[in-house]
Amino acid sequence: MLKKLLVCLIGLMFLTMAVVPVLAQNHDWVEFFWAEGCPHCAKEKVFLTELKTKYPDLVIKSYEISQNLVNALLLQQRGRDLNADVSGVPFTIIGDEYVSGFRDNETTGKQIETRYIQVMSENAQVETPQPAGQLLNVPLLGAVNLASLSLPVLTFLIALMDGFNPCAMWTLLFLISLLLGMKDRKRMWLLGTVFIATSALVYFLFLAAWLNLFIFLGMVAWVRVGIGLVASAAGGMYLRDYYRDQSGCKVVGDEKRQKIFGKLRDITAKKQLLVALGGIMLLAVAVNLVELICSAGLPAVYTQVLSLSNLPRWQYDLYLIFYVLVFMLDDLFIFFTAMLTLKAVGIQSKYAKVSRLVGGILMIMIGVLLLFKPSWLMFG
Amino acid sequence: MKVIKIGAVWCNGCLVMRPRWQAIEKELPWLKTEYYDFDQDKTAIERNKVESGTLPVFIFLDKTGQEIRRLNGEVEKDKLMAVINEHRDK
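Those protein sequence lines, which keep their order, are chains A and B. Counting from 1, position 147 in the first sequence corresponds to residue 147 in the working numbering; the numbering is continuous, with no gaps. Quick note: to get the working numbering, add 1000 to the position in the second sequence (first position is 1).
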């Protein structure tokens, strides 16, 4: 069972990484590379806006290169792919052809429009609009679009690994032990659910804060390099823990633990339900804030990768919600099993061990890519 | 022989070990076991010197109360059975 799980996870991981170069070669839309302060770029920008009005289906991907290193690296990559000189902007890619510079609407503009119409008619003649390299035939599921799969798979793997973090679990286990001693089932479910929901909300806000920071600092190269180093170090740490093969619970922070347990006892013993709920929410916030340090930089690494993907805000939020749900999977399993069977259960450390191996390799790969090939991590 | 088990309600590994020990105790009714909670049974914790380290702790004692073997963390049932069978007459 363990071996099967290991093979599945490693397979998924390599699938995630294998998809990246394919994504980088997708030129189905108009890619517009430009720089702040460049007059020809400004002219082309106006032209493209007019073209978009004329052809509502036109998708323009706009990349500013003078203040965004990732975009500049992407342009270099496109230059290598197309064997083109990318020393100047504006640089426009339509399908598998490019237009360098922009003179006016009648010359270069006409060239861009003609090429766009050509690409659209070529696409219309092709029966399957997806490039063959992005489709994977999965038994029972049929054709799966890898481009839409890679970021969710990466999100799932990092969140799962983050969720196995043992130091976030002990408060929930102690709370469950208190809840199981209650006679009021309704109260038991309510208090536990509110604790888990508040913990999830705190983690979501924490991830959103990281993401906003990276979106804001997106152009600063040293941030990306710093996170690349954090990812590589975290990966090394996970692999070290995998080889150390530790199971069980380390006895640390006795005083802090007793203090939190004392508060939990007081809160769950409160007769007024609303007071108990308020108390449990406050405690969940406090405990989760303290335990955030345990995450070994995983949220920072994940949100840095996510910020490279250039997605609409609602999609960013959906990914963060998905991350939090996967992160909470083990907590939810333990809570629901305990509430339904009225017995406290644990999750065997061998699953955490597998996650450390997969996560360690994944983190090192992300770290190396952030340092040397960030454009490969742009999934959007 | 006797086995002292030390765990805590907040420890995931202790919860994993609980059904394994229940199965062993059912299989070997002659085996004497005692459980102590790390946070509540302070005297037993001090006496068995488990103030630091990793939980759960399993201490195997002979008839005279002398420690024969000590195991920490999650231990497979087969390994526990092997230790018990090795020292069952002590």
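Where a beta carbon is used, it is the ideal one built from N, C-alpha and C, also for glycine. In this text, all values refer to a predicted model and were calculated from it rather than measured experimentally.
TODO: Please work out which residues of its chain come closer than 7 angstroms, Cβ to Cβ, to Thr171(A), disregarding the five sequence neighbours upstream and downstream, and give them in chain order.
DONE: Working through the first sequence from its first residue, we reach residue 171(A) at position 171. Correct list, in chain order: Ile260 and Val287.
Task: Any chain A beta carbon closer than 8 angstroms to Gly1013(B) - done: Against the second sequence, residue 1013(B) aligns to sequence position 13. True, the Cβ-Cβ gap to chain A drops below 8 angstroms.
TODO: Would you list, in chain order, the members of the segment 340-360 of chain A that have their beta-carbon closer than 7 angstroms to a beta-carbon of chain B?
DONE: Ala344, Val345, Gly346, Ile347, Gln348 and Ser349
Open item on the list: For Leu283(A), which residues in the same chain have their Cβ closer than 7 angstroms to its Cβ, ignoring the five residues on either side in sequence?
Closed with: On the first sequence, position 283 is the one that residue 283(A) refers to. Excluding positions up to five away in sequence, the list reads Lys263, Leu264 and Ile267.
- [ ] List the residues of chain A whose Cβ lies closer than 9 angstroms to the Cβ of Thr1054(B), in chain order.
- [x] Reading the second sequence from its first residue, position 54 is the one you call residue 1054(B). Within 9 angstroms Cβ-Cβ: Gln246, Ser247, Gly248, Cys249, Lys250 and Val251.
Task: Nearest-angstrom Cα separation, counted from Tyr98(A) out to Gly248(A) - done: Mapped onto the first sequence, residue 248(A) falls at position 248. Mapped onto the first sequence, residue 98(A) falls at position 98. One C-alpha to the other measures close to 59 angstroms.
Open item on the list: So Asn1072(B) contacts chain A; which residues on that side make the cut at Cβ distance below 9 angstroms?
Closed with: For the purposes of this step, residue 1072(B) is taken as the residue at position 72 of the second sequence. Chain A residues near Asn1072(B): Ser247 and Gly248.
TODO: Step through the CB atoms of chain A and report whether any lies within less than 8 angstroms of the CB of Val1083(B).
DONE: As a working note, residue 1083(B) is residue 83 in the second sequence. Not one chain A Cβ lies under 8 angstroms of Val1083(B).
- [ ] Using only alpha-carbon positions, find the residue among Met365(A), Ala352(A), Asn123(A) and Glu44(A) that is nearest to Tyr243(A).
- [x] Stepping through the first sequence from its first residue, residue 243(A) is reached at position 243. That would be Ala352(A), whose Cα lies nearest to the Cα of Tyr243(A).
Open item on the list: Contact criterion: CB-CB distance below 8 angstroms. Does Trp1021(B) meet it with respect to chain A?
Closed with: Your numbering for residue 1021(B) matches position 21 in the second sequence. So no, Trp1021(B) is outside the interface.
Task: First through last residue of the alpha helix (DSSP H) which encompasses Leu205(A) - done: Against the first sequence, residue 205(A) aligns to sequence position 205. Segment Arg185 to Phe216, the alpha helix (DSSP H) holding Leu205(A).
Open item on the list: Using a Cβ-Cβ distance cut-off of 8 angstroms, determine whether Trp170(A) contacts chain B.
Closed with: On the first sequence, residue 170(A) is found 170 positions in, with the first residue counted as 1. With 8 angstroms as the cut-off, Trp170(A) counts as an interface residue toward chain B.
Open item on the list: Give me the chain B residues within the contact set of Phe327(A), using Cβ-Cβ distance strictly less than 8 angstroms, ordered along the chain.
Closed with: Taking the first sequence and counting its residues from 1, one reaches residue 327(A) at position 327. Under the 8 angstroms cutoff, chain B gives no residues; its nearest Cβ is about 16 angstroms from Phe327(A).
Task: Close-in-space but distant-in-sequence residues of the same chain around Met182(A) (CB under 6 angstroms, 5 per side omitted) - done: As a first step, residue 182(A) is located in the first sequence; it is residue number 182 there, counting from the start. Excluding sequence neighbours, Met182(A) sits near Met188.
Open item on the list: Only counting the same chain, and skipping five residues up and downstream in sequence, which positions put a Cβ closer than 8 angstroms to that of Arg1070(B)?
Closed with: Taking the second sequence and counting its residues from 1, the one referred to as residue 1070(B) is at position 70. So the list reads Val1057, Phe1058, Ile1059 and Phe1060, once near-sequence residues are dropped.
Task: Through-space distance from Leu1055(B) to Gln1066(B), alpha-carbon basis - done: Within the second sequence, residue 1066(B) is the residue found at index 66, counting from 1. Within the second sequence, residue 1055(B) is the residue found at index 55, counting from 1. When rounded, the distance between both Cα atoms is 21 angstroms.
Open item on the list: Using DSSP's beta-bridge definition, name the partner residues of Leu1061(B).
Closed with: If you number the second sequence from 1, residue 1061(B) lands on position 61. DSSP, once it has assigned bridges, lists Lys1002(B) and Glu1067(B) as partnering Leu1061(B).
Open item on the list: Taking 6 angstroms as the limit between beta carbons, can you name the residues of its chain near Lys69(A), skipping five residues before and five after?
Closed with: The residue labelled residue 69(A) in the question sits at position 69 within the first sequence. Note that residue 69(A) is Leu in the sequence shown, not Lys. Counting only Cβ-Cβ distances below 6 angstroms, and skipping sequence neighbours, we find Ala221.
Open item on the list: Using a Cβ-Cβ distance cut-off of 8 angstroms, determine whether Val1003(B) contacts chain A.
Closed with: Your numbering for residue 1003(B) matches position 3 in the second sequence. No, Val1003(B) does not count as interfacial toward chain A.
Task: Length of the line joining the Cα atoms of Asp1041(B) and Glu1051(B) - done: If you number the second sequence from 1, residue 1041(B) lands on position 41. If you number the second sequence from 1, residue 1051(B) lands on position 51. Answer to the nearest angstrom: the Cα atoms are 11 angstroms apart.
- [ ] With 8 angstroms as the threshold, decide whether the Cβ of Trp1030(B) is near any Cβ in chain A.
- [x] Position 30 of the second sequence, counting from 1, holds the residue named residue 1030(B). No, Trp1030(B) does not count as interfacial toward chain A.
Open item on the list: Quick check on this structure: which residue in Thr303(A), Ile60(A), Ser66(A) and Ile366(A) has the alpha carbon closest to the alpha carbon of Trp210(A)?
Closed with: As a working mapping, residue 210(A) is identified with position 210 in the first sequence. Closest by alpha carbon: Thr303(A).
TODO: Kindly indicate if chain B contains any beta-carbon less than 8 angstroms away from that of Leu283(A).
DONE: Reading the first sequence from its first residue, position 283 is the one you call residue 283(A). Leu283(A) does not count as touching chain B.
Task: For Gly1073(B) and Asp1013(B), believed in contact at Cβ under 8 angstroms, the rounded distance - done: Counting from 1 along the second sequence, the entry for residue 1013(B) is found at position 13. Counting from 1 along the second sequence, the entry for residue 1073(B) is found at position 73. Checking the displayed sequence, the identity of residue 1013(B) turns out to be Gly instead of Asp. Right, their Cβ atoms sit about 6 angstroms apart.
- [ ] Quick one: using the 10 Å Cβ neighbour count with 16 as the cut-off for buried, is Phe214(A) buried or exposed?
- [x] As a working note, residue 214(A) is residue 214 in the first sequence. Answer is buried; the Cβ neighbour count reaches 16.
TODO: Apply the 10 Å Cβ neighbour rule to Gln77(A) and answer buried if 16 or more other Cβ atoms are within range, or exposed otherwise.
DONE: One-based indexing of the first sequence puts residue 77(A) at position 77. By the neighbour-count rule (16 or more Cβ atoms within 10 Å), Gln77(A) is buried.
Task: Validate contact between the segment 1019-1035 of chain B and the segment 267-276 of chain A using beta carbons, cut 8 angstroms, 3 pairs - done: no
- [ ] Use the C-beta contact count for Pro39(A): other C-beta atoms within 10 angstroms, 16 or more gives buried, fewer gives exposed.
- [x] The residue you call residue 39(A) lines up with position 39 of the first sequence. Exposed, because fewer than 16 other Cβ atoms sit within 10 Å of the Cβ of Pro39(A).
Open item on the list: My assumption, with CB atoms under 8 angstroms, is that Gly360(A) sits in contact with Tyr238(A). Please give the rounded CB distance.
Closed with: Reading the first sequence from its first residue, position 360 is the one you call residue 360(A). Reading the first sequence from its first residue, position 238 is the one you call residue 238(A). Confirmed, about 3 angstroms.
TODO: Kindly identify the DSSP beta-bridge partner or partners of Tyr323(A).
DONE: Residue 323(A) sits at position 323 when you count from the first residue of the first sequence. In the DSSP output, where bridge partners are listed per residue, Tyr323(A) has none listed.
- [ ] Within 10 angstroms of the Cβ of Pro374(A), are there 16 or more other Cβ atoms? Answer buried if so, exposed if not.
- [x] In the first sequence, residue 374(A) corresponds to position 374, counting from 1. Counting Cβ neighbours within 10 Å, Pro374(A) comes out buried, since at least 16 surround it.
Task: beta-carbon Arg1047(B) near the ligand COA non-hydrogen atom, thresh 7 angstroms - done: With respect to the ligand COA, the structure offers nothing, as it holds no ligand at all.
Task: Straight-line Cα distance separating Val1009(B) from Ile1068(B) - done: Taking the first residue of the second sequence as position 1, residue 1068(B) is located at position 68. Taking the first residue of the second sequence as position 1, residue 1009(B) is located at position 9. Cα to Cα, Ile1068(B) sits roughly 26 angstroms from Val1009(B).
Open item on the list: Assuming contact is defined by CB atoms lying nearer than 8 angstroms, are Phe327(A) and Asp162(A) in contact in what I supplied?
Closed with: On the first sequence, residue 327(A) is found 327 positions in, with the first residue counted as 1. On the first sequence, residue 162(A) is found 162 positions in, with the first residue counted as 1. A contact, by the Cβ cut-off of 8 angstroms.
Open item on the list: Strictly below 7 angstroms CB to CB, what residues from chain B border Ser177(A)?
Closed with: For this step, residue 177(A) is matched to residue 177 along the first sequence. Chain B residues near Ser177(A): Val1009.
Open item on the list: Any beta carbon of chain B sitting closer than 8 angstroms to that of Phe174(A)?
Closed with: Position 174 of the first sequence, counted from the start, is the residue given in the question as residue 174(A). Yes, Phe174(A) lies at the interface with chain B (some Cβ there is under 8 angstroms from its Cβ).
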